[in-house]
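Peer 1: To convert, count from 1 in the sequence shown and add 1159; that's this note's numbering.
The beta carbon of each residue, even a glycine, is placed where N, CA and C say it ideally should be.
Note that the structure is predicted; figures quoted are calculated from it, not measured.
Have a look at the structure that comes next, please.
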Amino acid sequence: MSDVFLSDGFRDVAYTTIDTPVGPLLLARTAKGLVRVAYAGEDHEKVLDNLADRLSPRVIRAPARLDDAAREIDQYFAGERRTFDLALDLTLSSGFRRLVQSHLPEIAYGHTLSYAQVAQLVGSPKAVRAVGTACATNPLPVVLPCHRVVRSDGTQGGYVGGPAAKTTLLNLET
């Protein structure tokens, strides 16, 4: 998809919402790819305001521009997809958080790793709490599967979508 630039240099951010077993998800994309997945509990209006502040003041409802993402997420929830093949725009993450988030797809479908194991995976074994922060600030939950990161004792730990959503996602993958 070609980037849509306006004469003032801003690019559009397209968004839509879809219904899923974990509630309505807001999907947003730029020309680079999917940039945001947000749970209803994150307040979709606040998420859209944040996208306008951080990416472009032109945030437009354009469901057709998110057909590929909606289709893949629907397939995931139907048990027909284990990985995502979407172009991603990681603009909303940087530094260590982005490093952690970029490694999340390495956690296989149906498996979990502890925060400590993810810290090892990214080469910073002492950065367990920072891994937790990276998961908590993941702009692409479900697609970048932070729900597969659990506490060392095997309990779930926190999740941006709430404990019920994390349980649903983990149970879906078993």
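Between the segment 1309-1317 and the segment 1247-1266, do three or more beta carbon pairs fall short of 8 Å?
Peer 2: Not touching, per the Cβ criterion.
Peer 1: Taking the straight line between their C-alpha atoms, what separation do you get for Arg1224 and Tyr1174?
Peer 2: Between Arg1224 and Tyr1174, the C-alpha separation is close to 8 Å.
Peer 1: Assuming Leu1185 contacts Arg1170 (C-beta within less than 8 Å), just tell me the rounded distance between them.
Peer 2: Contact doesn't hold; Cβ gap of about 18 Å is too wide.
Peer 1: Hey, out of Thr1292, Ala1286, Thr1271, Asp1233, whose CA is closest to Thr1155's CA?
Peer 2: The chain is shown only over 1160 to 1333; residue 1155 falls outside these bounds and no answer can be derived.
Peer 1: In three-state DSSP terms, what is Arg1195?
Peer 2: Reduced to three states, the DSSP call for Arg1195 is strand.
Peer 1: Would you mind listing the beta strand (DSSP E) stretches within the segment 1207-1237 that are 3+ residues and don't spill past its ends, in chain order?
Peer 2: Within the segment 1207-1237, the complete beta strand (DSSP E) runs of at least 3 residues are 1218-1220.
Peer 1: So who's on the other strand from Thr1176, going by DSSP bridges?
Peer 2: Answer by DSSP bridge pairing, in chain order: Leu1185.
Peer 1: To which residues does DSSP link Ser1273 through a beta bridge?
Peer 2: Answer is Val1309, bridged to Ser1273.
Peer 1: Would Leu1193 and Leu1299 be called neighbours here (beta carbons separated by less than 8 Å)?
Peer 2: Closer than 8 Å, so yes.
Peer 1: What is the rounded straight-line gap between the Cα of Val1301 and the Cα of Arg1240?
Peer 2: Roughly 12 Å between the two C-alpha positions.
Peer 1: Can you tell me whether DSSP reads Leu1303 as helix, strand or coil?
Peer 2: If DSSP states are grouped into helix, strand and coil, Leu1303 belongs with coil.
Peer 1: Mind checking Ile1219: buried by the 16 CB within 10 Å criterion, or exposed?
Peer 2: Burial call: exposed.
Peer 1: Taking the CB atoms as reference points, tell me whether Val1308 and Val1277 lie closer together than 8 Å.
Peer 2: Yes, Cβ-Cβ distance for Val1308 and Val1277 is below 8 Å.
Peer 1: Opposite Leu1263 in the DSSP bridges: which residues?
Peer 2: Answer is none; Leu1263 lacks a bridge partner.
Peer 1: Quick one: what's Leu1247 bridged to in DSSP?
Peer 2: Leu1247 pairs with Leu1193.
Peer 1: Does the Cβ of Pro1322 have 16 or more other Cβ atoms within 10 Å, making it buried, or fewer, making it exposed?
Peer 2: When all chains shown are included, Pro1322 counts as exposed.
Peer 1: So what does DSSP say about Arg1319, is it helix, strand or coil?
Peer 2: Residue 1319 is actually Val in this sequence, not Arg. It is coil, neither helix nor strand.
Peer 1: Using the beta-carbon count (16 or more within 10 Å), is Gly1238 buried or exposed?
Peer 2: When all chains shown are included, Gly1238 counts as exposed.
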